[in-house]
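In what follows, a single structure is set out as structure tokens and then discussed.
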Amino acid sequence: MKKTTILFILALSVVSIGFGQKKSHDEIKALKTAFITQQLELTSSEAEKFWPVYNSYDSEIHKLRKEYRDHVKTAFEGDMDTVSQQDAAEILQHIKQHREKENRLETQLESDLVKQLGAKRVLKLKKAEYDFKMQLLKKYRGRKK
Numbered sequence: 001m002k003k004t005t006i007l008f009i010l011a012l013s014v015v016s017i018g019f020g021q022k023k024s025h026d027e028i029k030a031l032k033t034a035f036i037t038q039q040l041e042l043t044s045s046e047a048e049k050f051w052p053v054y055n056s057y058d059s060e061i062h063k064l065r066k067e068y069r070d071h072v073k074t075a076f077e078g079d080m081d082t083v084s085q086q087d088a089a090e091i092l093q094h095i096k097q098h099r100e101k102e103n104r105l106e107t108q109l110e111s112d113l114v115k116q117l118g119a120k121r122v123l124k125l126k127k128a129e130y131d132f133k134m135q136l137l138k139k140y141r142g143r144k145k
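Set out below in structure tokens:
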């Protein structure tokens with residue numbers, strides 16, 4: 001527990017020092033890792049098993065979301081009034097397929113982690129992810145003002 005607290009404080013310090021600058025993905029990821037590790041109270045051996053699984057799925061989900069953003073951005077850059085019914089239907093189908101892929105990945109991650117950590121800790125993970133996102137948004141909004 002002391003290691004995770006120290007890791008969390010160290011990661012928070014790294015991010016806090018450079019908060020006025022553009023946040024790199026790696027800094028935010030380090031802070032998220034420390035936060036989740038602390039919230040789940042992972043032991044060293046649990047963390048060694050948990051993080052490779054979590055990071056693998058997280059990477060896939062991140063890649064899917066980027067593809068989705070790129071596709072939607074391209075689709076929405078044009079004038080919506082000029083989009084044909086067929087093109088609109090194809091865009092909607094792509095959006096639906098993306099959501100289904102993302103849901104399948106998240107469901108598989110949850111299933112794999114329940115086997116590893118148990119349902120209660122997976123629920124704690126969901127809460128930790130949500131809390132981390134809210135803290136990040138709160139800090140970001142506070143710095144913009």
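Here the sequence shown is numbered in UniProt numbering, starting from 1 and rising by one per residue. Note that beta-carbon positions come from the ideal geometry of N, C-alpha and C, so glycine has one too.
query                                                                                                        : result
D131 in three-state terms, based on DSSP                                                                     : helix
CB of Y38 within 8 Å of CB of K124, strictly                                                                 : As written in the sequence, residue 38 is Gln, which differs from the Tyr given in the question. In this structure, K124 does not lie closer than 8 Å to Q38 by Cβ.
Residue from I95, A75, K66 and E60 whose Cα sits closest to the Cα of E106                                   : E60
Local Cβ density within 10 Å of T74, reported as buried at 16 or more and exposed below that                 : exposed
Pick from E110, E100, R69 and Q86 that is closest to D58, judged by C-alpha positions                        : E110
Assigned secondary structure, E77 (DSSP; H/G/I helix, E/B strand, else coil)                                 : helix
Own chain partners of H25 with C-beta closer than 6 Å, once the 5 adjacent residues on each side are dropped : none
Best match in V53, K29 and I36 for proximity to A128 [C-alpha to C-alpha]                                    : I36
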